[in-house]
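Residue numbers (the numbering used here): 170 to 480.
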Amino acid sequence: MLKARTQEVPDISKDRCPECGSDSLIEDYELGEVVCSNCGLVVKVNALDNGPEWRAFSAEERDSRSRVGVPLSFSIHDKGLSTVIEQVNKDALGRELPLHTRIEMLRLRKWQIRSRIHSSMERNLSQAMAEIDRLSDKVHVPASIKEEAALVYRKALERGLVRGRSITAIAAASLYAACRLTETPRTLKEIAGVCLAKEKDVARCYRLLVKELELKMPIADPVRCVPKIASRLQISEKIQQMAVEILHECQKRKIASGKDPMGLASAAIYIALCLESEKRTQKEIAKVAGVTEVTIRNRYNGLREALGLEV
DNA sequence: TAAGATAAGAGGGACAT
DNA sequence: ATGTCAGTCTTATCTTA
């Protein structure tokens, strides 16, 4: 009946990245992950829950009756062909039904309608959860964030925000929201890039979620983007540290607001590289950071001016 | 070839009507 | 609700060193 989807647990016994084979695995200080510094793959997550998917979303539902619903068989056994209990108070021969039977029928009818609503929500959810699963896998986020995304999606569904919008787009938006909530550096572009919905739509849905669910997002911190870019370019710890300092300085001077954190981080890294005479092109950085060279240049000039650097 | 400059266009937030 | 405005980012093209 319940076929538990088992999560793929990468083999890390050899302490090598299963994706690129690199042995440069590093522990992420805050997220409790082991990340490959070469390709950025999250190799290991200290998650409590590696069990079947349907368990992963139970926390929020602990005290809700709806969690006792049967996930799949419920929506499969009846493909819209089920008997409908009509509101006719006569039996098959046209005789009046006794009162207690009528009340009984009313009750059954009520529950039939309820179960139908329930099952359509379940159908929607199981599709969405599968999508969130898939996306999480593609962008390498830990199970804890996947759960967070599932939670956001559930809220959205309960608030009727999914109606009229694509499940994929809302699922992707939920995942992005979960990343933002947990300050996990994943760009909207990355997430939209692995789903079928257009980036624009995902962005729209994301804003909708933030607004309607009153999510309180921590402000995106460019500092968190530094290791991400740096690891893709194999940039030394020292340069990263310099870039972080540059960013702290620019945050102090309030020139960071409203700017794309990836752009800021890229520019800071570029400046740090220049200061150390380690030549990397703007193009290279732009490519791995997912921004354009022009943006890097603009931030670069802004930072240079604000910090009074002559590079 | 890398970097800088410039222009046009998209999309969204703030604010007024 | 709709329109306008300033600001950001992107794409594209040309110039400079």
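Positions of the beta carbon are idealized from the N, C-alpha and C atoms, including for glycine. Because the structure is a prediction, the values reported are computed rather than measured.
For residue i, the first and last residue of its enclosing alpha helix (DSSP H)
i            : result
arginine 473 : 462-476
leucine 344  : 336-350
Simplified DSSP state of residue i, which is helix, strand or coil
i             : result
lysine 259    : strand
glutamate 316 : helix
glutamate 119 : Since the first residue of the chain shown is 170 and the last is 480, residue 119 is not available in this structure.
glutamate 162 : Examination of residue 162 is not possible in this model, given that the chain is present from 170 through 480 alone.
histidine 246 : In this prediction, histidine 246 scores a pLDDT of 42, lower than 50, which makes its location untrustworthy; the coordinate-derived value is nonetheless stated afterwards. Here histidine 246 sits in coil by DSSP.
Beta-carbon proximity check, residue i vs residue j, cutoff 8 Å
i              : j              : result
glutamate 291  : isoleucine 336 : no
cysteine 419   : alanine 475    : yes
leucine 304    : alanine 341    : yes
alanine 366    : alanine 338    : yes
isoleucine 314 : threonine 270  : no
glycine 432    : valine 460     : yes
isoleucine 360 : valine 308     : yes
arginine 466   : glutamine 451  : yes
glutamate 447  : leucine 402    : no
glutamate 445  : isoleucine 408 : yes
lysine 385     : proline 354    : no
leucine 262    : asparagine 293 : no
isoleucine 404 : glycine 471    : no
Contacting residues, own chain, Cβ-Cβ under 8 Å from residue i (five flanking each side not counted)
i              : result
leucine 357    : Tyr345, Glu368, Val371, Ala372 and Tyr375
alanine 412    : Val395, Ala399, Ala434, Ala437, Ile438, Ile440 and Ala441
arginine 328   : Glu381 and Leu382
histidine 417  : Val392
aspartate 260  : Leu266
isoleucine 415 : Ala437, Ile440, Ala441, Leu472 and Leu476
Distance cut-off 7 Å: residue i Cβ against heavy atoms of the ligand SAH
i          : result
valine 395 : What this structure holds is no ligand at all, so the ligand SAH is not there to describe.
Sequence-distant residues of its chain with Cβ nearer than 7 Å to residue i (five each side left out)
i             : result
threonine 464 : Asp429 and Gly432
valine 363    : Leu304, Lys307 and Val308
arginine 334  : Cys374
alanine 455   : Ser435, Thr461, Glu462 and Ile465
valine 331    : Asn293, Ala325 and Ile339
arginine 422  : Ala475
Sequence-distant residues of its chain with Cβ nearer than 6 Å to residue i (five each side left out)
i            : result
arginine 468 : Gly432, Leu433 and Ala436
alanine 318  : Ile301, Ser343, Leu344 and Ala347
proline 387  : Glu352
arginine 349 : Met386
alanine 297  : Tyr322, Ile336 and Ala340
arginine 449 : Leu442
alanine 458  : Ile398, Met431 and Ser435
query: Residue ranges of each alpha helix (DSSP H) run of no fewer than 4 residues wholly in the stretch 357-427, ordered along the chain?
result: 357-362, 368-381, 394-402 and 406-421
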